[in-house]
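> Taken in order, the sequence shown gives residues -22 to -1, 1 to 168; the numbers are from mature numbering (1 follows the signal peptide of the UniProt record, and there is no 0). Cβ atoms here follow ideal geometry from the backbone N, Cα and C, with glycine treated the same way.
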Amino acid sequence: MRRAPLALLLLAPLLGGCTRTADTFKPRIVITSPDGGGVSRERSFTVRGYVLDDQGVAQITVDGKAIPIQPGSRKIANFAFQTQLTAERGQYTIRARDKAGNESTLVLPVAVDTTPPAVQVTRFERDGNVVRVTGVATDNNRVAQVSVDGNRLNITPGARVEFYAETSGSFADIQVIDGAGNVAKLRAGR
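This is the structure:
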């Protein structure tokens, strides 16, 4: 009789590992494309992303309509959908539900941007075969990339981006791309 309580006392720590924990992790929705989030040159474009959940994603909806989860892991569920904008701006409500019923919502504002970025050279100097160029790229939304003579510069994307580059030759070909994919080009030289 005295052995039963002793056996239970010894088994208690082992049985404690059998308890189930509740899933309180809400799915996380991430947009990967287009690069500028929800900005494009076109009224119809593909939005791509994924939903991350530790127990697996059960369903993804856009504006209340279920969209297919692309093949692969349910813990990282890839998705894509096509926009159909009738105006310059709009929004899509993306919802994700995991297997435990936890839900997350992301409201994605989308916009059509047909305005190219602007680029201005603030300083240009040539020393022999070396060309130094300093400038500013601006955009109504976001400058995503600046290249000089085909070499992409390390910038922090934003509405206003200052840049500096050294190259060789007589001039510098500058290309600026905004978040929607609009391009501005400038040949700097004297």
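Do you know how far the Cα of residue 43 is from the Cα of residue 51?
If you number the sequence shown from 1, residue 51 lands on position 73. If you number the sequence shown from 1, residue 43 lands on position 65. Taking the straight line from one Cα to the other gives about 22 angstroms.
> Under a three-way DSSP split, which group does residue 117 fall into?
What you label residue 117 is simply residue 139 of the sequence shown in a count that begins at 1. In this structure, residue 117 counts as strand in the three-state DSSP scheme.
> Using the beta-carbon count (16 or more within 10 Å), is residue 120 buried or exposed?
Looking up residue 120 in the sequence shown gives position 142. Classification of residue 120: buried, given that the 10 Å Cβ count is 16 or more.
> Give me the Cα-Cα distance between residue 31 and residue 84, rounded to the nearest whole angstrom.
For the purposes of this step, residue 31 is taken as the residue at position 53 of the sequence shown. For the purposes of this step, residue 84 is taken as the residue at position 106 of the sequence shown. Cα to Cα, the separation comes out at about 15 angstroms.
> Locate the beta strand (DSSP E) running through residue 11, then write down its first and last residues.
Walking along the sequence shown from the start, residue 11 turns up at place 33. Run containing residue 11: 6 to 11, per the beta strand (DSSP E) assignment.
> When DSSP labels each residue in this structure, what does residue 54 get in the three-state scheme?
As a first step, residue 54 must be located in the sequence shown, where it is residue number 76. Strand, per DSSP.
> Taking the runs of the beta strand (DSSP E) that are 3 residues or longer, which of them lie wholly in the stretch 49 to 100?
Qualifying beta strand (DSSP E) stretches, in chain order: 54 to 60, 67 to 76 and 81 to 90.
> Can you give me the Cβ contacts of residue 17 inside the same chain, cut-off strictly under 6 angstroms, excluding the 5 residues immediately before and after it?
Translated into positions along the sequence shown, residue 17 becomes position 39. Hits under 6 angstroms: 89, 91, 119, 157 and 158.
> Can you find the residues in the same chain that come closer than 6 angstroms, C-beta to C-beta, to residue 6, ignoring five residues on each side of it along the sequence?
As a position in the sequence shown, residue 6 is number 28, starting the count at 1. Here the set comprises 30.
> Drop a sphere of 10 angstroms on the beta-carbon of residue 27, count the other beta-carbons inside from all chains shown, and report buried for 16 or more, exposed for fewer.
To locate residue 27, count along the sequence shown from 1; it is residue 49. That one is buried.
> Which residues in the same chain have their Cβ closer than 7 angstroms to the Cβ of residue 136, if we skip the five residues on either side of it in sequence?
Here the question's residue 136 lines up with position 158 in the sequence shown. Excluding residues within five positions, the ones whose Cβ falls inside 7 angstroms are 120 and 121.
> Exposed or buried, what is residue 117 when buried is set at 16 or more other beta-carbons lying within 10 Å of its beta-carbon?
The residue labelled residue 117 in the question sits at position 139 within the sequence shown. Answer is buried; the Cβ neighbour count reaches 16.
> So which of 154, 33 and 128 has the shortest CA-CA distance to residue 94?
In the sequence shown, residue 94 corresponds to position 116, counting from 1. Of the listed residues, the one whose Cα sits closest to residue 94 is 154.
> Going by DSSP, what residue range makes up the beta strand (DSSP E) through residue 141?
Position 163 of the sequence shown, counted from the first residue, corresponds to residue 141. That run of the beta strand (DSSP E) goes 136 to 146.
> In the DSSP assignment, the beta strand (DSSP E) including residue 164 goes from what residue to what residue?
Along the sequence shown, one-based indexing puts residue 164 at 186. Run containing residue 164: 161 to 167, per the beta strand (DSSP E) assignment.
> Report buried or exposed for residue 55, applying the criterion of at least 16 other Cβ atoms within 10 angstroms of its Cβ.
Indexing the sequence shown from 1 puts residue 55 at position 77. Buried.
> Quick check on residue 133: does DSSP put it in helix, strand or coil?
On the sequence shown, residue 133 is found 155 positions in, with the first residue counted as 1. Residue state, collapsed to three classes: coil.
> Can the beta-carbon of residue 59 be found closer than 7 angstroms to that of residue 25?
Along the sequence shown, read from residue 1 onward, the residue named residue 59 stands at position 81. Along the sequence shown, read from residue 1 onward, the residue named residue 25 stands at position 47. In this structure, residue 25 lies closer than 7 angstroms to residue 59 by Cβ.
> Pick helix, strand or coil for residue 47, following the three-state DSSP scheme.
Looking up residue 47 in the sequence shown gives position 69. Correct three-state label for residue 47: coil.
> With distances taken Cα to Cα, identify the nearest neighbour of residue 161 among 115, 132 and 129.
Residue numbering aside, residue 161 sits at position 183 when the sequence shown is read from its first letter. Ranking the options by Cα distance to residue 161, first place goes to 115.
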